[in-house]
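> I have a structure I would like to understand better, so I am pasting it below and will then ask my questions one at a time.
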Amino acid sequence: MNSERRVSRGYTSPYWLTYKQAADRGGQVRKGEHSILCVFYKPWESTDTNHDTGETETTRGAVLKSFRVFNLDQIDGIAAPTPAPREPFQAIEAAERILQASPAPIKIGGPRACYIPSRDEIHMPAREAFINREAFYSTALHEMTHSTGHASRLARDFSGRFGTEAYAFEELIAEMGSAFLNADLGILGATLPDHADYLASWVKILRGDKKAILTAAAAASKAHAFIKGLC
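Heads up: the sequence shown at position 134 corresponds to 148 in the working numbering, and the numbers run straight through without jumps.
Structure below.
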């Protein structure tokens with residue numbers, strides 16, 4: 015669960031537990047509190063030998079499970095552990111150069127990460143507020159991808175095609191765009207930290223429009239090229 019999700023919901027604790035985890039530790043979720051949906055994703059690979067041909071065959075798949083968690087602020091009876099001292103933030107120079115070339119100004123130090131189209135501004139919490147530097151840069155690149163859709167740039171607007179799902183579709187574009195930029199930087203495993211809230215909308219869009227994923231990839235590719243062209 016990243017800092018943006020925690021702060022946007024008004025929680026101060028970085029710790030999250032399932033109902034059972036809280037109960038096992040002697041805690042009690044307060045009456046009326048609402049959980050947050052999370053998704054566990056883990057790819058797997060199996061290699062077997064075909065006894066008829068003698069050839070090695072590889073099967074790939076993934077485990078996808080959903081579960082719900084509560085913030086420690088919602089739970090009585092459990093004290094937060096003493097946080098371990100954190101290492102000073104170490105900048106990634108190549109990533110900093112991309113941020114310096116941002117098409118929209120980036121304002122560091124706010125309570126949450128977001129792009130505000132009406133102001134054409136990107137707001138980001140302090141670097142130290144993120145669990146690691148990869149999470150900070152991945153989030154910043156996600157918001158930068160959003161900013162490329164501004165009317166003065168790529169003028170990205172899918173409201174006519176996707177209607178009420180256009181916001182979730184834009185989030186998919188931003189996530190793919192940040193993934194492309196992360197790949198350029200060698201930042202791996204930092205994307206899709208907690209987009210369970212968008213998952214159902216993405217599935218709905220992709221099922222309803224077989225070409226939607228190609229449209230999202232093309233839009234993300236244009237956003238990626240736009241940002242790289244500024245660096």
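Glycine is no exception: its CB is placed at the ideal position from the N, C-alpha and C atoms. Only a predicted model underlies this, so the values are computations on that prediction, with no experimental measurement involved.
Taking the beta carbon of residue 54 as the centre, do at least 16 other beta carbons fall within 10 Å, making it buried, or is it exposed?
In the sequence shown, counting from the first residue as 1, residue 54 sits at position 40. Residue 54 comes out exposed.
> Classify residue 78: buried if its beta carbon has 16 or more other beta carbons within 10 angstroms, exposed otherwise.
By 1-based counting over the sequence shown, the position of residue 78 is 64. Result: exposed.
> Residue ranges of each alpha helix (DSSP H) run of no fewer than 4 residues wholly in the stretch 29–71, ordered along the chain?
33–38
> Under three-state DSSP, which class holds residue 168?
Counting from 1 along the sequence shown, the entry for residue 168 is found at position 154. Collapsing the DSSP output to three states places residue 168 in coil.
> If we ignore side chains and look at the alpha-carbon of each, how far apart do residue 87 and residue 146 end up?
As a first step, residue 87 is located in the sequence shown; it is residue number 73 there, counting from the start. As a first step, residue 146 is located in the sequence shown; it is residue number 132 there, counting from the start. Cα to Cα, the separation comes out at about 22 Å.
> Quick one: give me the first and last residue of the alpha helix (DSSP H) that residue 181 is part of.
The sequence position of residue 181 within the sequence shown is 167, counting from 1. From DSSP, the alpha helix (DSSP H) with residue 181 extends over 180–199.
> According to DSSP, is residue 101 part of a helix, a strand, or is it coil?
Position 87 of the sequence shown holds residue 101. Here residue 101 carries a coil assignment [DSSP, helix/strand/coil].
> Report the rounded CA-to-CA distance for residue 174 versus residue 131, giving the unit in angstroms.
Walking along the sequence shown from the start, residue 174 turns up at place 160. Walking along the sequence shown from the start, residue 131 turns up at place 117. Their backbone Cα atoms lie some 18 Å apart in a straight line.
> Could you give the residue range of the beta strand (DSSP E) that holds residue 135?
On the sequence shown, position 121 is the one that residue 135 refers to. Its beta strand (DSSP E) spans residues 135–138.
> Have a look at 128, 69 and 35 and flag the residue whose alpha-carbon is nearest the alpha-carbon of residue 82.
Counting from one through the sequence shown, the residue named residue 82 turns up at place 68. Checking every option, the nearest Cα to that of residue 82 belongs to 35.
> Take every Cβ of the stretch 157–176, pair it with every Cβ of the stretch 187–194, and state whether three or more of those distances are shorter than 8 Å.
yes
> So residue 41 packs on residue 89, CB below 8 Å; how close in whole Å?
Counting from 1 along the sequence shown, the entry for residue 41 is found at position 27. Counting from 1 along the sequence shown, the entry for residue 89 is found at position 75. Yes, residue 41 and residue 89 are in contact; Cβ-Cβ is about 5 Å, under 8 Å.
> Measuring alpha carbon to alpha carbon, tell me which of 59, 58, 221 and 171 ends up nearest residue 234.
For this step, residue 234 is matched to residue 220 along the sequence shown. The alpha carbon of residue 234 has as its nearest neighbour, out of 59, 58, 221 and 171, the alpha carbon of 171.
> Closest to residue 11 by CA distance: which of 237, 225, 181 and 163 is it?
In the structure displayed, the chain extends from 15 to 245; residue 11 sits before or after that span and is not available.
> Please name the residue in 32, 33, 151 and 61 whose C-alpha comes closest to that of residue 197.
Position 183 of the sequence shown, counting from 1, holds the residue named residue 197. Minimum Cα distance to residue 197 is reached at 151.
> For residue 163 and residue 139, what's the separation of their Cα atoms in angstroms?
Numbered from 1 along the sequence shown, position 149 holds the residue referred to as residue 163. Numbered from 1 along the sequence shown, position 125 holds the residue referred to as residue 139. Roughly 22 Å between the two C-alpha positions.
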